[in-house]
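What follows is one structure encoded as structure tokens, with my remarks underneath.
Numbering (our numbering), first residue to last: 5 to 447.
If you want it as structure tokens, here you go:
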């Protein structure tokens with residue numbers, strides 16, 4: 005790894021979705037709305053005299069109201085800046101957080117059915133599609149003059165606490181239990197990874213789009229009372245960017261950037277969703293992992309606690325370890341409903357999002373292992389050179405100070421320091437005698 009950037013807080017954005025048709029039909033009251041571009045106001049009651057309303061205001065890095073288009077969200081979210089850092093060799097994460105039906109999948113993906121039927125290019129395209137297009141535009145601009153890029157993709161879902169490879173899995177014919185992958189810990193990087201994961205090489209933009217559409221087709225969804233197309237798993241789509249630059253000596257320096265887009269399944273109220281059978285089991289697993297994610301966020305924000313951060317308590321938090329409190333540049337998109345019927349879920353989401361702003365990450369550039377060792381040795385060599393120079397400067401300064409002290413001493417003191425002749429001195433006879441004796445001695 006290369007030297008780390010200064011610590012950076014997780015950036016948190018909030019999106020308030022529009023009212024759904026069923027909420028309009030039952031005349032749901034608007035209790036969550038944006039105020040300006042950095043504040044969200046929650047109306048949670050009325051004043052004691054009944055003439056006004058009481059509420060809570062939350063401040064975030066950016067807030068998007070219910071009239072925000074997908075294009076406006078992408079351009080103002082800062083995702084394009086994250087892609088620039090990925091091309092430099094950094095890791096980045098964009099993840100959507102919120103209750104079921106809050107618009108997370110629409111924000112990250114768009115409309116999956118439209119994408120699978122018509123491909124990209126629709127106004128409803130989400131952050132992932134727009135990021136793929138922007139990434140390849142940047143790659144085309146930077147390629148050349150000794151710089152090349154290789155791009156790969158992977159996608160997994162966490163379903164009932166099992167990790168499934170959505171690239172190699174075929175939803176129509178495959179058996180999900182045969183493709184469950186283990187999650188391992190990498191001590192050298194201090195994070196978890198999925199073992200035996202399939203990576204698709206994507207030399208062109210169309211290749212990466214096809215890979216993503218394949219993953220979307222294989223993802224698990226179901227319908228219940230709160231959401232007609234409810235995601236029953238957490239999905240993590242990762243784009244890997246290997247940047248190869250030729251240095252002055254003719255060697256190739258490779259940096260391994262990546263960006264992960266996380267579409268979390270939303271927490272659900274069992275009574276409201278009326279889940280049963282398989283869907284009930286899925287809801288329990290989703291709520292458990294979201295609860296663990298909340299514990300991790302709370303633990304990272306509470307500096308008084310000395311207990312280990314509970315990353316290991318769920319597969320989701322294991323795979324997000326690098327993103328939350330790790331070495332990634334992270335952007336969190338909290339999605340909420342404006343409706344009064346979702347008030348408790350919206351407040352809970354905003355509370356966690358507000359805490360997440362305090363999480364600090366330490367981004368680093370990912371290099372090849374050999375290059376990382378070379379970089380470390382170069383840093384040690386530079387440190388030794390600086391130390392050597394400081395010692396030489398100190399010795400030279402001390403020597404000059406000693407010489408200056410000797411030269412500035414009074415003349416009487418200098419004479420007093422010379423040895424005195426013990427013989428009597430009468431008109432220089434003693435000195436002449438000494439010289440004569442010396443001459444005789446030489447003969």
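Beta carbons are placed, not taken as given, at the ideal position from N, Cα and C, and that holds for glycine.
The beta carbons of residue 88 and residue 15 sit no closer together than 8 Å. Taking a contact as a CB-CB distance under 8 Å, the pair residue 238 and residue 162 counts as one, their CB atoms being some 4 Å apart. Contact annotation: the region 20 to 30 does not touch the region 74 to 85, with fewer than three C-beta pairs closer than 8 Å. Residue 209 and residue 137 have their C-alpha atoms spaced approximately 7 Å apart.
Counted as a single uninterrupted DSSP element, the beta strand (DSSP E) harbouring residue 157 occupies residues 151 to 163.
Scanning the region 13 to 100 from its first residue to its last, the whole alpha helix (DSSP H) runs of 4-plus residues come out as 25 to 29, 74 to 81, 83 to 91. Take the alpha-carbon of residue 195 and the one of residue 318: they are about 14 Å apart. When DSSP states are grouped into helix, strand and coil, residue 204 belongs to the strand group. With respect to the C-alpha of residue 338, the residue from 127, 356, 149, 170 having the closest C-alpha is 356. Rounded to whole angstroms, the gap between the alpha carbons of residue 257 and residue 268 is 35 Å.
Here residue 248 carries a strand assignment [DSSP, helix/strand/coil].
Residue range 256 to 267 is occupied by the beta strand (DSSP E) that includes residue 259. For residue 219, the enclosing alpha helix (DSSP H) covers residues 209 to 222. Nearest Cα to residue 214 within the set 241, 190, 235, 188: 241. Take residue 139, set aside five residues on each side of it, and the residues of its chain with a beta-carbon closer than 6 Å to its own are 87, in chain order.
Residue 11 counts as exposed, since fewer than 16 other beta carbons sit within 10 angstroms of its beta carbon. Non-local beta-carbon contacts of residue 327 in its own chain, meaning distances under 6 Å to residues more than five positions away in sequence, involve 97, 334 in chain order. The DSSP-derived three-state label of residue 366 is coil. When Cβ pairs closer than 8 Å are counted between the two stretches, the region 125 to 134 is seen not to touch the region 387 to 404, the count staying below three.
Scanning its chain for C-beta atoms nearer than 8 Å, with the 5 sequence neighbours on each side dropped, one finds around residue 367 the residues 8, 9, 12, 89, 94, 95, 331, 332, 333, in chain order. Distance between residue 145 and residue 311, taken at the CA atoms: about 47 Å. In chain order, 63, 64, 65, 66, 67 place their CB closer than 8 Å to the CB of residue 42, counting only its own chain and leaving out the 5 sequence neighbours on each side. In the structure shown, the three-state DSSP call for residue 188 is strand. Less than 8 Å divides the Cβ of residue 363 from the Cβ of residue 304. With a contact defined as Cβ atoms closer than 8 Å, residue 243 and residue 157 qualify at about 5 Å. The C-alpha of residue 25 is placed about 15 Å away from the C-alpha of residue 346. By the beta-carbon neighbour count (other beta carbons within 10 angstroms, threshold 16), residue 216 is buried.
Around the C-beta of residue 320, 16 or more other C-beta atoms lie within 10 Å, and the residue is accordingly described as buried.
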